[in-house]
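For the sequence shown, position 58 (counting from the first letter as 1) is numbered 58 according to the working numbering, and the numbering increases by one without interruption. Quick reminder that beta carbons are idealized off the backbone N, C-alpha and C, glycines included. All values derive from a computational prediction rather than experimental measurement. Written below as structure tokens is the structure these notes are about.
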Amino acid sequence: MEHKIKSIRPFIGAKDYKLSRQFYTDLGFAEIVLSSKMSYFKSDAFGFYLQDAYVKDWVDNTMVFMEVEDLAKHLEKLKALNLPQKYSGVRLSEIVTNDWGNEYFLHDPSGILWHIGEFLG
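This is the structure in structure tokens:
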């Protein structure tokens, strides 16, 4: 079956919606407010929905993979934002080498795990 996919937009939750909105804005995403309980955060043609909804088991098990062009440069810019110092619970790792490519990890203020990576080849 052939699909002509234009986008995939995951829905993620927030323990503290206002704090998470500020975090993702600081991360460099543009916010489009859709309602008092949901916003769309985007970068170019890519994005995700942030909801004012928190179910611990759901949020604790949410992971998002974001592919970037230059992983080392992206991590360097992210480190300069000092997000772990600004937001409680935010964690940022160093780059991990895998057989498929490289990645680093970012936990948002709610605990959502972002895999930020670059594929080989």
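Where the alpha helix (DSSP H) containing residue i begins and where it ends
{"i": "Leu75", "result": "71 to 80"}
{"i": "Ser20", "result": "17 to 26"}
{"i": "Val55", "result": "Unbroken run through Val55: none, as it is neither H nor E."}
Host beta strand (DSSP E) of residue i (start-end)
{"i": "Lys42", "result": "38 to 43"}
{"i": "Val64", "result": "63 to 67"}
{"i": "Val83", "result": "Note on identity: in this sequence residue 83 is Leu, with Val being the wrong assignment. Element bounds for Leu83: not the beta strand (DSSP E) but the alpha helix (DSSP H), 83 to 86."}
{"i": "Glu103", "result": "101 to 107"}
{"i": "Glu123", "result": "This structure cannot speak to residue 123, because the chain is shown only from 1 to 121."}
Beta-carbon proximity list for residue i, same chain, < 7 angstroms, skipping 5 on both sides
{"i": "Tyr40", "result": "Ile32, Leu34, Gly47, Tyr49"}
{"i": "Gly101", "result": "Gly117, Glu118, Phe119, Leu120"}
Residue from the options with nearest C-alpha to residue i
{"i": "Leu78", "options": "Trp58, Val64, Tyr104", "result": "Tyr104"}
{"i": "Glu94", "options": "Glu76, Asp57, Met1", "result": "Glu76"}
{"i": "Gly89", "options": "Asp52, Phe23, Lys6", "result": "Phe23"}
{"i": "Val59", "options": "Phe65, Gly28, Ser110", "result": "Ser110"}
{"i": "Ala45", "options": "Ile5, Ser20, Ile12", "result": "Ile5"}
{"i": "Leu83", "options": "Tyr54, Gly28, Tyr17", "result": "Gly28"}
{"i": "Asp16", "options": "Ala30, Tyr87, Ser7, Pro10", "result": "Tyr87"}
{"i": "Arg21", "options": "Gln51, Pro10, Leu81", "result": "Gln51"}
{"i": "Lys122", "options": "Lys42, Ser7, Met1, Lys37", "result": "Summary: the structure shown does not reach residue 122, with the chain confined to residues 1 through 121, and so no result is reported for it."}
{"i": "Asn61", "options": "Asp108, His3, Leu113", "result": "Leu113"}
{"i": "Ala53", "options": "Met1, Asp108, Phe11", "result": "Phe11"}
{"i": "Ser7", "options": "Asn98, Ala30, Lys42", "result": "Lys42"}
{"i": "Asp57", "options": "Met1, Asp99, Ala14", "result": "Ala14"}
{"i": "Gln85", "options": "Asp99, Ala30, Asp26, Glu67", "result": "Asp26"}
{"i": "Met63", "options": "His3, Asp108, Met1", "result": "Asp108"}
Paired residues, beta bridge with residue i - DSSP
{"i": "Phe11", "result": "Tyr49"}
{"i": "Gly117", "result": "Glu67, Glu103"}
{"i": "Leu34", "result": "Leu34 pairs with nothing; no bridge assigned."}
Same chain, Cβ closer than 8 angstroms to residue i, five either side skipped, listed in chain order
{"i": "Val96", "result": "Asn102, Glu103, Tyr104, Phe105"}
Cβ shell of residue i (< 6 angstroms), same chain only, five flanking positions each side left out
{"i": "Phe65", "result": "His115"}
Any chance the stretch 110 to 117 sits against the stretch 54 to 72, with 3 or more Cβ pairs inside 8 angstroms?
-> Counting C-beta pairs with one atom in each stretch, the stretch 110 to 117 and the stretch 54 to 72 have three or more that are closer than 8 angstroms, which means they touch.
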